[in-house]
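Student:
In our numbering, the protein residues as written are 6 to 402.
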């Protein structure tokens with residue numbers, strides 16, 4: 006079987022909810038990331054892209070009707086380049102990269118693109134259709150920005166708890182204090198700000214035309230533990246989760262170029278990292294935040310390496326509490342140091358536009374391996390409704 010490699014990655018800056026990217030259509034965000042990725046390899050004929058796999062968690066607004074295909078057309082690729090849209094909620098673009106890598110390894114394509122997009126700002130309200138004509142009562146418009154909506158009444162109530170409530174339950178399960186969560190959140194902002202100041206993200210992020218935004222909009226370099234401690238709990242009156250120790254709502258897009266070993270000449274650049282292992286898992290929906298633990302373990306097993314070998318981890322920080330729970334579990338399994346996780350900041354600071362986050366962590370991981378010279382890294386993400394994904398990369402740069 007062939008091997009698949011990451012050749013390049015790029016993303017937009019991640020905008021705050023109702024922020025600098027609020028006026029940019031979702032399909033235009035997707036096209037921006039896709040075009041920027043191809044611009045990084047000017048010698049590559051776009052018509053040679055075997056397929057495009059594009060992640061998106063909403064799909065109810067401007068991202069309807071296969072936003073991956075819309076991105077291909079809006080970015081000016083030949084109409085002969087096909088595309089599909091993948092929805093595994095928060096894991097959508099990491100799933101897209103996994104699908105693209107499998108296509109290459111199977112020999113069905115030499116080059117593929119994966120990515121994802123989300124505009125949580127522009128996610129529409131939806132109205133359910135009535136079951137009979139001309140109803141006399143009112144109808145409620147439901148927001149599609151985040152979380153459960155139009156829930157099937159046969160679903161057990163514990164499965165459909167809010168994302169925040171589910172993570173308060175994780176806090177109880179693992180006894181992770183509010184102080185640890187706030188410290189984790191402050192660290193995310195500090196490291197993200199430092200990474201930007203030192204130029205780490207300069208080659209990974211491409212501005213969106215017409216938007217006044219060059220850096221991730223949610224990062225607060227001046228965040229302090231004292232300020233975070235003053236925030237009120239967001240999901241329970243006596244809870245531990247606040248707006249400061251979980252990821253915000255965001256807008257953005259990411260894209261990753263993948264290919265076979267033999268595609269280097271066609272692409273016009275050398276590969277950066279090999280897709281060495283993939284992992285996926287599912288558990289009780291309310292325990293979704295802990296799912297990356299098993300997904301990463303499975304990916305490592307498929308790659309033939311252990312936690313002792315890992316020199317960099319990118320874990321999507323949906324909530325500080327679930328991130329801490331995952332890192333604690335991996336430390337027990339042999340991860341050398343918690344500081345290897347999200348050393349350039351994470352989603353609490355950078356943001357979490359659902360469909361784009363998987364591509365972000367995969368691209369960031371590849372860049373970290375190149376910078377550090379470490380051989381092995383893990384990208385992992387939790388997914389609402391009880392799932393997790395992970396990818397192991399081997400540095401070949």
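Backbone N, C-alpha and C define an ideal beta-carbon position, used for all residues, glycine too. Source: prediction; values computed, not measured.
Should residue 158 be flagged as near chain C, meaning a C-beta pair shorter than 8 Å?
Tutor: No chain C is part of this structure, which consists of one protein chain only.
Student: Could you check what DSSP says for residue 4 in three-state terms: helix, strand or coil?
Tutor: Residue 4 lies beyond the residue range present for the chain, which begins at 6 and ends at 402; the question has no answer from this structure.
Student: Let me know the secondary structure DSSP gives residue 260 once reduced to three states.
Tutor: Residue state, collapsed to three classes: strand.
Student: On the DSSP letters alone, give me the boundaries of the beta strand (DSSP E) that residue 386 sits inside.
Tutor: Taken as a continuous stretch (DSSP letters only), the beta strand (DSSP E) holding residue 386 covers 381-388.
Student: Once the 5 residues before and after residue 30 are set aside, which same chain residues still bring their CB inside 8 Å of it?
Tutor: Excluding residues within five positions, the ones whose Cβ falls inside 8 Å are 67, 124, 127.
Student: Would you decide whether residue 120 is buried or exposed? Buried here means 16 or more other CB atoms lie within 10 Å of its CB.
Tutor: Buried: at least 16 other Cβ atoms inside 10 Å.
Student: Is the beta carbon of residue 52 sitting closer than 8 Å to the one on residue 85?
Tutor: Contact: yes.
Student: Shortest alpha-carbon distance to residue 33 belongs to which of 354, 310, 256?
Tutor: Closest by alpha carbon: 256.
Student: For residue 65, collect the residues of the same chain with a Cβ closer than 8 Å to its Cβ; drop the 5 residues on either side in sequence, then sort them by chain order.
Tutor: 128, 129, 131, 149.
Student: Should residue 349 be labelled buried (16 or more other beta-carbon atoms within 10 Å of its own) or exposed?
Tutor: Residue 349 should be labelled buried.
Student: For residue 93, which of helix, strand or coil comes out of DSSP?
Tutor: In this structure, residue 93 counts as strand in the three-state DSSP scheme.
Student: Tell me whether the beta-carbon of residue 288 lies closer than 8 Å to the beta-carbon of residue 391.
Tutor: Taking 8 Å as the Cβ cut-off, residue 288 and residue 391 qualify as a contacting pair.
Student: What's the gap between the Cα of residue 353 and the Cα of residue 159?
Tutor: For residue 353 and residue 159, the distance between alpha carbons rounds to 33 Å.
Student: Quick check: residue 277 and residue 363, are their CB atoms within less than 8 Å of each other?
Tutor: No, the Cβ-Cβ distance between residue 277 and residue 363 is not below 8 Å.
Student: Please name the residue, chosen from 109, 16, 28, that lies closest to residue 267 on a Cα-to-Cα basis.
Tutor: Taking only the C-alpha atoms, the option nearest residue 267 is 109.
Student: Can you list, in chain order, the stretches of the beta strand (DSSP E) that have 3 or more residues and sit fully within the stretch 238-286?
Tutor: Correct list: 255-265.
Student: For residue 377, which residues does DSSP report across the bridge?
Tutor: Answer by DSSP bridge pairing: none, since residue 377 is not bridged.
Student: With a CB to CB cut of under 6 Å and the five nearest residues on each side skipped, what residues in its chain are close to residue 21?
Tutor: The answer, listed in chain order, is 222, 223.
Student: Within this structure, are the beta carbons of residue 393 and residue 286 separated by less than 8 Å?
Tutor: Yes, these two residues count as a Cβ contact at 8 Å.
Student: Suppose the cutoff is 8 Å on Cβ atoms and the five residues either side in sequence are ignored; what does the same chain contact list for residue 72 look like?
Tutor: Closer than 8 Å at the Cβ level, and outside the excluded window around residue 72, lie 31, 32, 35, 59, 61, 64, 90, 122.
Student: Provide the residue span of the beta strand (DSSP E) that contains residue 193, from first to last.
Tutor: Taken as a continuous stretch (DSSP letters only), residue 193 belongs to no beta strand (DSSP E), being part of the alpha helix (DSSP H) at 183-202.
Student: Which residue wins for smallest C-alpha separation from residue 237, given the options 264, 383, 249?
Tutor: Comparing Cα positions, the closest option is 249.
Student: Using 8 Å as the threshold, is the stretch 136-149 in touch with the stretch 195-209, meaning 3 or more CB pairs across them?
Tutor: No contact exists between the stretch 136-149 and the stretch 195-209.
Student: Could you give the residue range of the beta strand (DSSP E) that holds residue 87?
Tutor: Run containing residue 87: none; DSSP gives neither H nor E here.
Student: Closest to residue 202 by CA distance: which of 226, 179, 28, 233 is it?
Tutor: Of 226, 179, 28, 233, the residue nearest in Cα terms is 226.
Student: State the start and end residues of the unbroken alpha helix (DSSP H) segment that holds residue 321.
Tutor: Segment: none, residue 321 is in no alpha helix (DSSP H) and carries neither H nor E.
Student: Exposed or buried, residue 294, counting other C-beta atoms within 10 Å across all chains shown (16 or more means buried)?
Tutor: Residue 294 comes out buried.
Student: Considering only their Cβ atoms, is the gap separating residue 77 from residue 263 smaller than 8 Å?
Tutor: Their beta carbons are not under 8 Å apart, which means residue 263 does not touch residue 77 by this criterion.
Student: Rounding to the nearest angstrom, what Cα-Cα distance links residue 163 and residue 358 in this structure?
Tutor: For residue 163 and residue 358, the distance between alpha carbons rounds to 25 Å.
Student: Among the residues of its own chain, which have a CB less than 8 Å from the CB of residue 42, if the five just before and after it don't count?
Tutor: 13, 14, 15, 118, 120, 260, 261, 262.
Student: Select from 81, 6, 28 the residue whose C-alpha is nearest the C-alpha of residue 215.
Tutor: That would be 28, whose Cα lies nearest to the Cα of residue 215.
Student: Quick check for students: name the residue ranges of the alpha helix (DSSP H) that lie wholly in the stretch 147-181, counting only runs of 4 or more.
Tutor: Correct list: 168-179.
Student: Can you name, in chain order, every residue of its own chain whose Cβ lies under 6 Å from the Cβ of residue 55, other than the five neighbours on each side?
Tutor: So the list reads 114, 116, 117, once near-sequence residues are dropped.
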